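What follows is one structure encoded as structure tokens, with my remarks underneath.
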Amino acid sequence: MNEKAKNLPRRIANETKTLYNLDFKSYIPISNKSFKCKCLGGNEYFVKKTELYTQEKYRFLFNQGVDNVLYPLENTKNEYISKNEEDEYYVMPFVSDFYMLDDVKAVHMIDELSQLHHSTAFQKNLSVQTSRRKIEEILDYLNYKFSLIESFIRTLESQQFDEYSIPILKNYHILLDTKKVMVKLNKKIIYAIKESKSVTYCFLHNNPKLDHLLTTSGRNYLVSIENGKIGISSLDIAKFYVENAYLNIDMKTIIKNYFNQYNDDFYFDYFCFLVLLIYIKGLIIDEKDYITTQSFLFATKSIEKFLKTFELVEKPKEDKNKRKN
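Per my numbering, residue 1 is the first one in the sequence shown, and the count goes up by one each step.
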């Protein structure tokens, strides 16, 4: 932890006296940006250095009536975020999270995300200019990444097989299937953009890790909304899936139930495309070594599980002649 981060509470200690009527006497660093602070009377508070526009995000959610987000304390200026020459930060009572199995917490997380999305939803047409530009940037990246992978595979095939190359070559077919699926999904997305389709936008948490769900006094609250933005909910659900795919829960039913509310395949198709994109982006292709092999195996096995779970790859048709024999 750098010295600047260590000294954050010292810089704001005097400000909190005037802005929050709080006199911090001690603190414990939680991360580079956050601290658990204690007042002389024993009350504990959470102080976190935050990002630009966080004030506007909290204000937007409050005005929309969102009640499953843990809001910071308002300072004497009636603002959620306080500023000095160096930092923007917020203060809230420190909440000790109630222990909960990750399997259960994941189910609660999807429920709270659904409530957040529903409370902030509005209709908007896809912008042909903006949306198409973004999807073209993604396609340029995917073309580059798949070309890089193909070149890497060819290099491996020209060399003597070993403990690094064999697992990669055995699982390469999964990426070939992935490319086919992404091409099909992309065509559907492009069609929706060309039609300037009316879709539901909402406020996205944009970082739905299980650590960002707190349970206190019998209620669940979303926290750490600094990365939040307006967008299509498929992104939140894609990130949720990737974060929690390892859990022993019925992910297919959970995800399907979420998207059933839309009665439109666009949101699920976009979700699938984004999940695959996240896995492809996370795939490290450097050289034939342990790190690349492990990255390749993790990505391909994760993708294989995803494709199988949501039945995205068509099963090969059975040969009628073989069946008769």
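Idealized CB from N, CA, C, for every residue including glycine.
Note that the structure is a prediction, hence the values are computed from the model and not measured.
Can residue i and residue j be called in contact, C-beta distance under 8 Å?
{"i": "Y71", "j": "F60", "result": "no"}
{"i": "Y164", "j": "T293", "result": "yes"}
{"i": "S34", "j": "K48", "result": "yes"}
{"i": "Y58", "j": "Y89", "result": "no"}
{"i": "H108", "j": "L213", "result": "yes"}
{"i": "V199", "j": "F266", "result": "yes"}
{"i": "S82", "j": "E15", "result": "yes"}
{"i": "L210", "j": "N68", "result": "no"}
{"i": "T178", "j": "I291", "result": "no"}
{"i": "D103", "j": "I249", "result": "yes"}
In the DSSP assignment, find the beta strand (DSSP E) that holds residue i and state where it starts and stops.
{"i": "S119", "result": "That residue, S119, is in no beta strand (DSSP E); its alpha helix (DSSP H) goes 102-119."}
{"i": "Q123", "result": "122-125"}
{"i": "L214", "result": "213-216"}
{"i": "N220", "result": "219-222"}
{"i": "E88", "result": "88-93"}
{"i": "T200", "result": "198-204"}
{"i": "I254", "result": "Run containing I254: none in the beta strand (DSSP E); it sits in the alpha helix (DSSP H), 251-259."}
{"i": "K77", "result": "Element bounds for K77: n/a, residue is neither H nor E."}
{"i": "S26", "result": "24-29"}
Taking all protein chains shown into account, decide if residue i is buried (16 or more other Cβ within 10 angstroms of its Cβ) or exposed.
{"i": "P93", "result": "exposed"}
{"i": "E3", "result": "Here the model assigns E3 a pLDDT of 46, short of 50, so the residue's position is not dependable, and the following value carries that caveat. Its Cβ having fewer than 16 others within 10 Å, E3 is exposed."}
{"i": "V181", "result": "buried"}
{"i": "K315", "result": "exposed"}
{"i": "H118", "result": "exposed"}
{"i": "V275", "result": "buried"}
{"i": "L312", "result": "buried"}
{"i": "Y20", "result": "buried"}
{"i": "E112", "result": "buried"}
{"i": "L101", "result": "exposed"}
{"i": "Y270", "result": "buried"}
By alpha-carbon positions, which one of the options ends up nearest to residue i?
{"i": "F152", "options": "D286, L126, R10, I138", "result": "D286"}
{"i": "N260", "options": "E195, L274, S233", "result": "S233"}
{"i": "Q64", "options": "L276, Y90, L116", "result": "L116"}
{"i": "F46", "options": "E56, L73, N227, Y270", "result": "L73"}
{"i": "S31", "options": "L40, T50, T18", "result": "T50"}
{"i": "E56", "options": "L247, L297, I225, N248", "result": "I225"}
{"i": "S127", "options": "S196, I168, C37, E304", "result": "S196"}
{"i": "G41", "options": "L52, L22, P29", "result": "L22"}
{"i": "L307", "options": "L297, N75, L175, G231", "result": "L175"}
{"i": "G228", "options": "K17, Y53, I12, K38", "result": "Y53"}
How far does the alpha helix (DSSP H) with residue i in it extend, from its first residue to its last?
{"i": "N143", "result": "128-157"}
{"i": "I174", "result": "165-194"}
{"i": "G282", "result": "265-282"}
{"i": "K239", "result": "234-244"}
{"i": "I230", "result": "Where I230 is concerned, there is no enclosing alpha helix (DSSP H), although the beta strand (DSSP E) it sits in stretches over 229-231."}
{"i": "K301", "result": "290-309"}
Please report whether the beta-carbon of residue i lies at a distance below 8 Å from any beta-carbon of chain B.
{"i": "L235", "result": "Here there is only one protein chain, and chain B is not present."}
Beta strand (DSSP E) runs wholly inside the segment 35-64, at least 3 long, in chain order: 44-49
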